[in-house]
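Here the sequence shown is numbered in the working numbering, starting from 1 and rising by one per residue.
Glycine is no exception: its CB is placed at the ideal position from the N, C-alpha and C atoms.
Structure record follows, encoded as structure tokens.
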Amino acid sequence: MLALLVCVRLFASPQQAADDASGDPKERAKAVREYAKQAGPELIPKLVPYLHDTDTGVRIEAVKAIISIGGRTTLEPLIAATKDPDPEVQIRATDGIVNFYVPGYAKEGGLSASLRRVGSAIKAKFDEQNAIVIDPFLHILPEIPPALGALVRGASSMESRANAARALGVLRGKDAIEDLYDALRSKNTNLMYESIMALQKIRDPEAGPRIRFLLRDLDEKVQLAAVETTGLLQNLRSAPDLRDVLEHDPSKNVRRAALTSLAMLPVEDNRSDYARYFRDRDDAMRAAAAEGYARLKNPADRPMLEKAFADERKQNPRLSIAFALVNVGDHDFTEFSPLRYLVNTLNTKAWRGVARAFLTELCRAVEIRQTVYAVMNSGTKDERTQLAQVLAVTGDRDTLQYLQPLASDPDPDVAAEGLKALRTLKARL
Numbered sequence: 001m002l003a004l005l006v007c008v009r010l011f012a013s014p015q016q017a018a019d020d021a022s023g024d025p026k027e028r029a030k031a032v033r034e035y036a037k038q039a040g041p042e043l044i045p046k047l048v049p050y051l052h053d054t055d056t057g058v059r060i061e062a063v064k065a066i067i068s069i070g071g072r073t074t075l076e077p078l079i080a081a082t083k084d085p086d087p088e089v090q091i092r093a094t095d096g097i098v099n100f101y102v103p104g105y106a107k108e109g110g111l112s113a114s115l116r117r118v119g120s121a122i123k124a125k126f127d128e129q130n131a132i133v134i135d136p137f138l139h140i141l142p143e144i145p146p147a148l149g150a151l152v153r154g155a156s157s158m159e160s161r162a163n164a165a166r167a168l169g170v171l172r173g174k175d176a177i178e179d180l181y182d183a184l185r186s187k188n189t190n191l192m193y194e195s196i197m198a199l200q201k202i203r204d205p206e207a208g209p210r211i212r213f214l215l216r217d218l219d220e221k222v223q224l225a226a227v228e229t230t231g232l233l234q235n236l237r238s239a240p241d242l243r244d245v246l247e248h249d250p251s252k253n254v255r256r257a258a259l260t261s262l263a264m265l266p267v268e269d270n271r272s273d274y275a276r277y278f279r280d281r282d283d284a285m286r287a288a289a290a291e292g293y294a295r296l297k298n299p300a301d302r303p304m305l306e307k308a309f310a311d312e313r314k315q316n317p318r319l320s321i322a323f324a325l326v327n328v329g330d331h332d333f334t335e336f337s338p339l340r341y342l343v344n345t346l347n348t349k350a351w352r353g354v355a356r357a358f359l360t361e362l363c364r365a366v367e368i369r370q371t372v373y374a375v376m377n378s379g380t381k382d383e384r385t386q387l388a389q390v391l392a393v394t395g396d397r398d399t400l401q402y403l404q405p406l407a408s409d410p411d412p413d414v415a416a417e418g419l420k421a422l423r424t425l426k427a428r429l
């Protein structure tokens with residue numbers, strides 16, 4: 001009943017807000033802040049009319065108050081607020097929508113925390129930390145992608161448009177994917193970058209060919225995002241373009257990204273590039289070349305990789321070589337084996353993300369999964385929690401019996417990770 005009341009009040013006349021308080025915008029804004037202090041979803045209908053106030057400041061306060069109250073009943077008002085003509089209202093409404101699915105996002109992940117007004121203009125700083133994405137088992141309201149897609153296409157500022165693109169990526173909003181493709185031709189760096197990263201998170205298989213024209217973009221930030229996404233989406237048709245970028249681009253960062261993406265495209269035509277950089281002075285280039293050998297999965301490469309694993313002293317390339325050795329057939333799990341080395345690295349905060357990514361790829365193979373199951377009972381806290389994340393996205397029905405004990409582990413951190421992994425795996429299955 002409350003949700004129905006909220007929906008009805010969304011279409012209240014703009015004058016209604018003025019009827020609830022004095023003619024002074026400051027007093028109306030104060031009234032909104034007082035409502036927010038009381039909290040509780042029953043206050044949402046009282047705040048909704050202020051979203052139509054003639055004063056921008058009052059509307060901003062209304063959005064902030066609705067976000068602070070939180071809960072499911074805030075979504076319809078916030079979706080409506082995305083249609084507001086003011087860029088700050090649009091940005092805060094967008095972040096508020098995501099905040100329902102990712103608690104804390106409005107303060108940390110979106111633009112709201114860095115917003116400032118310069119006259120009628122909005123200034124904000126985009127945080128480069130762009131890895132947030134909702135869990136696969138979460139489903140968003142079907143009305144959300146069209147609302148955010150409309151902002152990507154034509155919000156009142158470039159900041160609003162780019163922020164909406166980021167939100168679509170966080171929410172895996174595949175139903176607005178055409179809006180993201182259109183944004184790639186906007187010539188605005190932030191909007192193009194956020195749109196590429198959103199496409200990367202959504203994992204649209206058509207994205208690779210459709211971002212191909214950006215592999216040589218003049219803006220390095222956009223170019224790097226396009227190169228990285230091409231590899232992650234395994235667009236084999238772009239391999240010749242990536243080889244050309246690797247050969248001729250003047251930027252070391254771009255060349256590293258190009259080789260890393262080539263390493264994700266397992267075709268023999270790339271072997272000469274892997275061989276060329278396998279002994280390179282640059283650690284990142286050696287690591288990328290080793291990943292290329294890994295995905296070719298040729299057992300004949302094993303002696304070469306074993307020697308390199310023994311000789312390598314840098315952590316980054318050594319992890320990549322370990323990954324390659326397991327992929328070409330070394331499935332041993334003794335103390336100094338490559339697979340054990342990857343699992344041990346889960347205990348190292350600085351490198352666990354790299355090791356977890358490699359183990360996620362490796363554990364798609366049944367025999368590797370069965371080998372690491374033993375760690376779920378006897379491993380360290382870090383090993384068990386990190387492997388729970390791995391198995392959540394790679395496991396099968398037989399994996400459930402190894403995750404279920406984690407969900408009731410006496411350590412609350414392990415239990416939380418185990419429960420989350422179970423939910424993700426069950427959603428996949």
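Beyond the five residues adjoining it in sequence on each side, T230 comes within less than 6 Å, by CB distance, of G208, S238, S261 in the same chain, given in chain order.
Cα atoms of K26 and V58: separation of roughly 8 Å, rounded to the nearest angstrom. Distance check between T399 and each of M304, Q200, L191, R364 places R364 closest, using alpha-carbon atoms only. Proximity to A257 across A275, A287, G23, R271 peaks at A287, based on C-alpha coordinates.
In this structure, the alpha-carbon of L422 lies about 7 Å from that of Q404. For R116, the beta-bridge partners assigned by DSSP are K123.
If you look at A407, you'll find it in the alpha helix (DSSP H) that goes 400 to 407.
V48: not part of any alpha helix (DSSP H); DSSP gives it neither H nor E.
In this structure, P266 lies near L296, with their beta-carbon atoms less than 8 Å apart. The region 378 to 388 and the region 335 to 347 touch, with three or more beta-carbon pairs separated by less than 8 Å. For a cut-off of 8 Å, the C-beta gap from G169 to M197 is around 6 Å, short enough to register as a contact. Around the beta carbon of D217, 16 or more other beta carbons sit within 10 angstroms, so the residue counts as buried. Under the three-state reduction of DSSP, K297 is assigned to coil, being neither helix nor strand. For G379, the three-state secondary structure derived from DSSP is coil. Judged by DSSP secondary structure, A176 falls outside any alpha helix (DSSP H); it is assigned neither H nor E.
Ranked by Cα distance from R203, the first of L339, L362, L43, E228 is E228. Counting the other Cβ atoms within 10 Å of the Cβ of H52 gives 16 or more, which makes it buried. For R216, no alpha helix (DSSP H) run applies, since DSSP gives it neither H nor E. Straight through space, the alpha carbons of A324 and A290 are spaced by roughly 6 Å. Taking C-beta separations shorter than 7 Å and ignoring five residues to either side along the sequence, the partners of L171 in its chain run V98, Y101, I134, I140, I144, following chain order. In this structure, A167 and Y193 do not form a Cβ contact; the two beta carbons are roughly 14 Å apart against a cut-off of 8 Å. Where D311 is concerned, the enclosing alpha helix (DSSP H) starts and stops at 302 to 311. P103 sits in coil when the DSSP states are folded into three classes, being neither helix nor strand.
Sorting Y341, L339, A407, G353 by C-alpha distance to the C-alpha of N377 places A407 at the top. Rounded to whole angstroms, the gap between the alpha carbons of Q38 and L429 is 42 Å. Taken atom to atom, the span from the alpha-carbon of E42 to that of V326 is near 57 Å.
Burial check for L236: the Cβ neighbour count within 10 Å stays below 16, so the residue is exposed. The C-alpha of K30 lies about 60 Å from the C-alpha of D244. Under the three-state reduction of DSSP output, E27 falls in the helix class. At the C-beta level, G96 and I122 stay beyond 8 Å of one another. Shortest Cα-Cα distance from D301 to any of R313, G329, D179, L319 involves G329.
When C-alpha distances from A131 are compared across D86, E76, A81, Q200, the shortest belongs to Q200. Put simply, of R271, A176, D282 the residue whose alpha carbon is nearest the alpha carbon of N253 is D282. With a beta-carbon spacing of about 17 Å, A355 and L305 fall beyond the 8 Å limit used to define contacts.
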